[in-house]
Each structure stands twice: as structure tokens, then as C-alpha cells.
Amino acid sequence: MRTDVDLPLVVDRAAPLPLVVQIGDQLREAMRSGALKPGERLPSSRALAALLGVSRTVVADAFQQLYAEGWLDGRHGSGTYVAASGDGLGRAATGRRRGGGERPEDDPVMLAPRGVTAGIIDLRPGRPWVSGYDEAAWRRAWRSAGELAPSGWPDPYGHAELRELLADHLRRARAVPTGPGNVMVTRGTGNGLDLIAATIIRPGARAGVEEPGYRVARNVFAARGAEIVPCPVDGQGVIVEELPDDLEVLYTTPAHQYPVGGRLSIPRRERLLAWARRTGAVVVEDDYDAEFRYDVAPLPALHGMDPDRVVLLGTLSKSLSPDVGLGWLVASEGLLAAVARRRDELGDRTPGPVQKAVATLLERGDLDRHLRRMRLEYARRRAAIVEALGPLVQGDTAGLHVMIELPEPVVPDLVRRAEERGVLLDTTGRHHHGPPRVHGLVLGYGYASLADVKRGCAVIRDLL
Ligand SMILES: Cc1ncc(COP(=O)(O)O)c(C=O)c1O
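Residue 16 is where the sequence shown starts when you use my numbering, and the numbers rise one by one after that.
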């Protein structure tokens, strides 16, 4: 069924409920009652906005919320439909092939990622869904950046306004008792790692990196002259008892180990900090995807448990887009001052307009709203993976990827046969420094739509 429906919607500007909520509630009710049926096509946001006399952003926001809840199914260029199961969160919408019809800009709901090769399903980790952003908020943020006069002297710490907003965000979202004096604005995790390495790593120093672990951390430390020491992890994160005593620095991902997915328990966190105090090592905590968490309560960041020993690195790369190029480095004031001096010596900085745009997104609550929408979206994809691959799935409590452990010999053949069927997969082997000790797949669900995640998992299940 591909007809546009007639919608008996009304909006009341005098009512206390925001227009977005009024429209969302009425559409939800229409789907619940059967007035709108699965597969029916909704009018474009432009047409509906004109009909109701509201701005297109209001309708787009209402559609976006319903999409995230699972009521709607929308794909680039083909319109917005009532989802096949039509009963909200947890029942996934069916995907729809791109087709003719409305122009892409008529459908702002979850546009398909740009640059996707038709027919290819990319389940490799590392990339978020960048199409679910609020276009009006994004434009507003960059307009505000344009109003800022260029600075002749960039502060190595970053803009005071943004540091204040980030400290506030960290206190609320990550239970980090910090203030702007402990926050430096970086261009992302890679930049933060490099600044720390340039400040504390002496040539030949031993730098511990989780094994398997984040390739960029190994590369950055090695490029600054460190000897890389692989530190084994298990399903609960880094194994503290196996850490050597002579590390100058340890890179770790306690909220969601990359790529195995373990969450460092509180007792392990305490043992890790005791090890760091005893040996004098600096712990670098990469908090890259901690905003996305499913079915479990958040654990406070390691940094909050010992702000003098732990440097926290955060990024917008997963929560918004790597293209923004913004992150933060949180450390004790003494260490941060040393990093700022080194940054100045290296002529390194974060562009002012980017900082201003991000400050606007934070200040207006746009980033929080985006995170809420994306949490729902990712939760649906993660649920689809768990449903399809069940007990094989590990590390699914957080983030945008899971791991599937498999016997070593089956992996290369599986990856090759999946690729023949249009599904791109990543292996745990690629994330090792030394000989692989964990074998299997790392499945990312940031970049593929829900429908593609389902199709990709069906192929994997078939091949297994
Ligand atoms: C473990 C880990 N940390 C951090 C990042 C983000 O890095 P950046 O902020 O440099 O884009 C990623 C992105 O893929 C990642 O996988």
C-alpha cells in the first residue's frame, strides 16, 4: 500500500503541550487505533506543515521521535510509512528500498547515510549514524559560529564557555565531579591521546594498550616514541593482575572495552587504580561511546574515582559525528597545565568556530535531544542483532558494536562468503598488536540502518 493518507490532525497553539508533542500524540493514537495502518504512507513533512500551519521542523521532529520509537519507517527518497508491525518500540519497522517519489529533502526522517554503496551492508564498527541529526539545530549552531569574530590568539585550553558546558555535561552524564579548570577542548580522542603522549611519554617509555584494543591508541603512542605493551583483556575488560609494573601510561576503555565489549566492574576499577598508584602509571580512560548504554545502570567514569591518576578522553565522534572534530581531555589542573604548555609549543589548537557551534548545541539542549533519539535508534538495532544471533553476542550493554567469538578457522571463510553476499564484516584479529588471542567478528551497527542490520544478521546466521 503506497497511498498518502488523509490525516484528521489539529494543533492548538494555546494549549500547554508543545506542538511537536501534540502532533506526535495524535499520530501515535491514529496508529494505535488502526486509523493509520501498517504500510500506509504519511504526507511529507512539508505538506503536513503547510496543512497545519506549523513550521516543517515541528513536523520533522514529531516524525523523528515516532521513527525512533519504532512507529514509522522512513528511508531516503521514498517517503515515510507506518512501520509494518505498527506498534512502537521493540517491534522493528521493515526497511524499504529506495525508490522514486518525493525528493529526498521532503523526507527528513533518518535519511540514509551518504556515500553508502547501493546493495552493500556495512557492519564494520567505528562509524555512527550521521543522518539522524536535527537539521534546524545544526544550522542554528553554525550560524552562531559565524557570528563569532575570528580570534588572533587561540587559547590552548579552549573556549571558557564551552569548557563550562562540557564540565556540566560530564557532571550530569558521567558523574565526573569536575569543573572547567580541569577541561581542555580537543579535536577528538586521537588529538587528546597525542597531546597526553607528547606531554608524558619519554622516548622508549613503555605504554600499555588493551589487547585486543584501539589501533589508533597504539599508533599514536608509538609515533611519540613509546614501546607498545599489549595488555590482555577478557569479557570484563582489562585484566589488572596481568599488568606489568613498569608502564608509564595505560590506555583503557572501561565503559565498553573496544572491541570485546566488557564493562570494567567496580572491584576491578578499584584494583586498577591501586595498581596505578603503586606503579606511578598514568591511566588514560577513553570514554568514547559511554553515552549509549542498554539495560544496565551507568557506572561512573574511572576519572571520577581518582582525578589525579586518570585522564579522561571524550569525543563527539560517536554521539554526533567524527566530522565535527571535537573532544575533551579532563585531567588534574597540574597535568592539564603541562598539556596546555606542550600544546602551545606544538602549535596545536581546536578551531574556535567549531567550539562555538558545539557550545550552541550543548547550551540549547540540542545535543541531549539528539542523544535521546539516537539511543532509541541504536537500541532497536542492537535488539535486532541480539534477536538474530542470540547467545553468540557479547559486549552488548553499551556502544555501537558487539562481538561474536568464533573458532579461529571459520572466520576468514565467513568474512569472504559474507562479502560475496554484500555484507562487510570486521574481525577481532585486526584489533590485535601481537598474534590474535580472541577470534571472531566485531559487528558495528552505527552505520547500517535497522533493516540492513537485520538483513546482514540473517546472512551471518545463514553462513554460520
Ligand atoms: C575506541 C575508540 N575511541 C575513540 C574513537 C573516536 O576517536 P576520535 O574522537 O579521534 O574520532 C573511536 C572511533 O572509532 C574508537 O573506536
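By construction, the Cβ of each residue, glycine as well, lies at the ideal position given by its N, Cα and C atoms.
Here the structure is a predicted model, which is why all the values come from computation and not from measurement.
Runs of the beta strand (DSSP E) lying entirely within the stretch 43–104 and spanning at least 3 residues, in chain order: 87–90, 94–97.
Considering only Leu-208, Gln-370, Arg-28, Ala-64, the residue with the shortest C-alpha distance to Leu-265 is Leu-208. Those residues whose C-beta sits under 6 Å from the nearest heavy atom of ligand 1 are, from N- to C-terminal order along the chain, Gly-141, Gly-203, Thr-204, Gly-205, Tyr-229, Thr-268, Tyr-273, Asp-301, Tyr-303, Thr-330, Ser-332, Pro-337, Gly-342. Its chain contains Ala-372 as the residues whose beta carbon lies nearer than 6 Å to that of Trp-157, once the 5 sequence neighbours on both sides are disregarded; these appear in chain order. With 16 or more neighbouring CB atoms inside 10 Å of its own CB, Pro-58 falls in the buried class. By a beta-carbon distance limit of 8 Å, Val-200 contacts His-174. Their separation comes to about 7 Å.
Runs of beta strand (DSSP E) with 3 or more residues, each lying fully within the stretch 227–275, are found at 242–249, 264–267, listed in chain order.
From the listed residues Leu-456, Ala-190, Leu-386, the smallest Cα separation to Pro-140 is found for Leu-456. Secondary structure at Thr-204: helix, using DSSP grouped into helix, strand and coil. Rounded to the nearest angstrom, the Cβ distance from Ala-65 to Gly-39 is 18 Å, too far for a contact under 8 Å.
Apart from the 5 residues on each side of it in sequence, His-447 sits with its Cβ closer than 7 Å to the Cβ of Glu-226, Pro-227 in its chain, given in chain order. For the pair Thr-72 and Asp-149, the Cα-to-Cα distance works out to about 8 Å.
Counting other Cβ atoms within 10 Å of its Cβ, Gly-471 reaches 16 or more and is therefore classed as buried. Comparing alpha carbon positions, the residue from Gly-167, Arg-189, Gly-196, Pro-171 closest to Glu-179 is Gly-196.
The C-alpha of Arg-384 is placed about 22 Å away from the C-alpha of His-416. For Ala-98, the closest alpha carbon among the candidates Ile-475, Ala-466, Asp-363 is that of Ala-466. Scanning its chain for C-beta atoms nearer than 6 Å, with the 5 sequence neighbours on each side dropped, one finds around Ala-346 the residues Val-326, in chain order. Straight-line spacing of the CA atoms in Glu-423 and Gly-240 works out to 33 Å.
Annotated as proximal: Arg-357 and Leu-210, with beta-carbon spacing under 8 Å.
Remark: C-beta atoms of Ala-30 and Gln-37 approach each other more closely than 8 Å. Looking at the DSSP output, Val-325 sits in a beta bridge with Val-298. Of the residues assessed, Glu-360 falls on the exposed side of the cut-off, its CB having fewer than 16 other CB atoms within 10 angstroms.
Annotation: Glu-306 is outside any alpha helix (DSSP H) and is labelled neither H nor E by DSSP. In the displayed model, Trp-343 falls within a strand according to three-state DSSP. A contact between stretches requires three or more CB pairs, one per stretch, nearer than 8 Å, and the stretch 386–395 fails this requirement with the stretch 435–443. Taken atom to atom, the span from the alpha-carbon of Leu-87 to that of Thr-95 is near 7 Å.
Looking at the DSSP output, Ala-222 bridges to Ile-243, Val-264. In this structure, Arg-278 places its C-beta atom within 8 Å of the C-beta atom of Thr-412. The way I'd put it, the stretch 212–225 does touch the stretch 237–254; three or more beta-carbon pairs between them come closer than 8 Å. When C-alpha distances from Thr-267 are compared across Asp-261, Tyr-303, Arg-293, the shortest belongs to Tyr-303. For the pair Asp-428 and His-184, the Cα-to-Cα distance works out to about 45 Å. Residue state for Gly-39 is assigned as helix, using DSSP reduced to three classes. Runs of the alpha helix (DSSP H) spanning 4 or more residues and lying entirely within the stretch 172–197 occur at 175–189, in chain order. One Cα belongs to Ala-291, the other to Ala-188, and the distance between them is close to 25 Å.
Burial check for Arg-324: the Cβ neighbour count within 10 Å reaches 16 or more, so the residue is buried. Where Gly-471 is concerned, the enclosing alpha helix (DSSP H) starts and stops at 465–478.
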